[in-house]
Amino acid sequence: MRPVHRRRDGGTMARAVGNLLAGAVVLAVLWLAGLIWYAADVPRISPVIGPDAGRTTDAIVVLTGGSNRLGTGLELLAAGRARKLFVSGVYDGVEVQELLKLSRHSPTEMECCITLGYSADSTIGNAYETADWMRDQGFRSLRVVTANYHMRRSLLELSMAMPDMELVPHPVVAPTVHLDEWWLWPGTANLLVNEYNKLLVASLRWLVHRAVEG
Numbered sequence: 001m002r003p004v005h006r007r008r009d010g011g012t013m014a015r016a017v018g019n020l021l022a023g024a025v026v027l028a029v030l031w032l033a034g035l036i037w038y039a040a041d042v043p044r045i046s047p048v049i050g051p052d053a054g055r056t057t058d059a060i061v062v063l064t065g066g067s068n069r070l071g072t073g074l075e076l077l078a079a080g081r082a083r084k085l086f087v088s089g090v091y092d093g094v095e096v097q098e099l100l101k102l103s104r105h106s107p108t109e110m111e112c113c114i115t116l117g118y119s120a121d122s123t124i125g126n127a128y129e130t131a132d133w134m135r136d137q138g139f140r141s142l143r144v145v146t147a148n149y150h151m152r153r154s155l156l157e158l159s160m161a162m163p164d165m166e167l168v169p170h171p172v173v174a175p176t177v178h179l180d181e182w183w184l185w186p187g188t189a190n191l192l193v194n195e196y197n198k199l200l201v202a203s204l205r206w207l208v209h210r211a212v213e214g
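In full-length UniProt numbering, the protein residues as written are 1 to 214.
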């Protein structure tokens, strides 16, 4: 009888392993499909036209960490798109005048309308630092300036930190990110995969957040 039991146990084990492998393949296919969708959905151009191009908001936030973000935020502020600009995730010791000089703007023109946030060191930190500042200012609408590939996750984190605020995306096209045939560019592929994985984690947090709040 023992050999029979061994054969049955072996068959059960084989089916379990087969089910695990099948599940892993399904998850891998879903992950890859999601990655392709995410990469295709990244904006290719900055929103210089469209319904939100000339729209004004109470404030602008720039999430630091990439090229052209600060310059875009300053240009929007100078164009009257908002009353104030908040720069989140600034290194300690950096002052408004220094940032303006680096961006080739006159400190006397906009220094009064810019606030720097020093406490954030991640996108989650950006979201909560920005939310605290928005509530302190009594603002209700915010234009979000960050890299195009970073926008979806940024909006998700910001919406969790301040669900009562109106968010207007303003993606900045990163010149070093090659979105056409991105899989042929190792640097871009690595960036998109990492950002997509972070987006998945943020999405799970959002689902938990909704379940708890609901």
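Each residue gets a CB set at the ideal place from its N, CA and C atoms; glycine is no exception.
Whole-angstrom C-beta distance between residue j and residue i, which should lie under 8 Å
| i | j | result |
| --- | --- | --- |
| E98 | H150 | Contact doesn't hold; Cβ gap of about 24 Å is too wide. |
| C113 | R83 | 7 Å |
| W182 | A39 | 6 Å |
Distance, residue j Cα to residue i Cα
| i | j | result |
| --- | --- | --- |
| A33 | D180 | 17 Å |
| N148 | R15 | 45 Å |
| T146 | P43 | 12 Å |
| E75 | G23 | 49 Å |
| L21 | A189 | 26 Å |
| A78 | R143 | 14 Å |
| A202 | I45 | 25 Å |
| L27 | V17 | 15 Å |
| T57 | F139 | 9 Å |
| A127 | D164 | 13 Å |
| T64 | M110 | 18 Å |
| M160 | V25 | 32 Å |
| V94 | N19 | 55 Å |
| residue 217 | V29 | The first residue shown for the chain is 1 and the last is 214, placing residue 217 beyond what the model contains. |
| V4 | G11 | Note that V4 has pLDDT 49, beneath the 50 cutoff, so the model's placement of it is unreliable and the number below is only indicative. Each residue's alpha carbon lies about 11 Å from the other. |
| D132 | W37 | 33 Å |
| H209 | W31 | 22 Å |
| L85 | Q137 | 11 Å |
| R55 | V96 | 25 Å |
| G125 | L200 | 18 Å |
CB of residue i within 9 Å of CB of residue j, strictly
| i | j | result |
| --- | --- | --- |
| T72 | V62 | yes |
| M134 | A59 | yes |
| D41 | R205 | no |
| E157 | S141 | no |
| L191 | V177 | yes |
| D121 | G80 | no |
| K198 | T130 | no |
| V193 | L35 | yes |
Discussion item. Counting beta carbon pairs with one atom in the region 67 to 80 and one in the region 168 to 179, are three or more of them shorter than 8 Å?
Written reply: Contact holds: three or more Cβ-Cβ distances are below 8 Å.
Worksheet item: Counting Cβ pairs, one atom from each stretch, are 3 or more of them under 8 Å apart for the region 151 to 171 and the region 110 to 121?
Response: No, the region 151 to 171 is not in contact with the region 110 to 121.
Practice prompt. Could you tell me which uninterrupted beta strand (DSSP E) segments, each at least 3 residues in length, are contained entirely in the UniProt domain "DUF218" (58 to 184), listed from first to last along the chain?
Written response: Entirely contained in the UniProt domain "DUF218" (58 to 184), the beta strand (DSSP E) runs reaching 3 residues are, in chain order, 59 to 63, 84 to 88, 114 to 117, 141 to 147 and 166 to 172.
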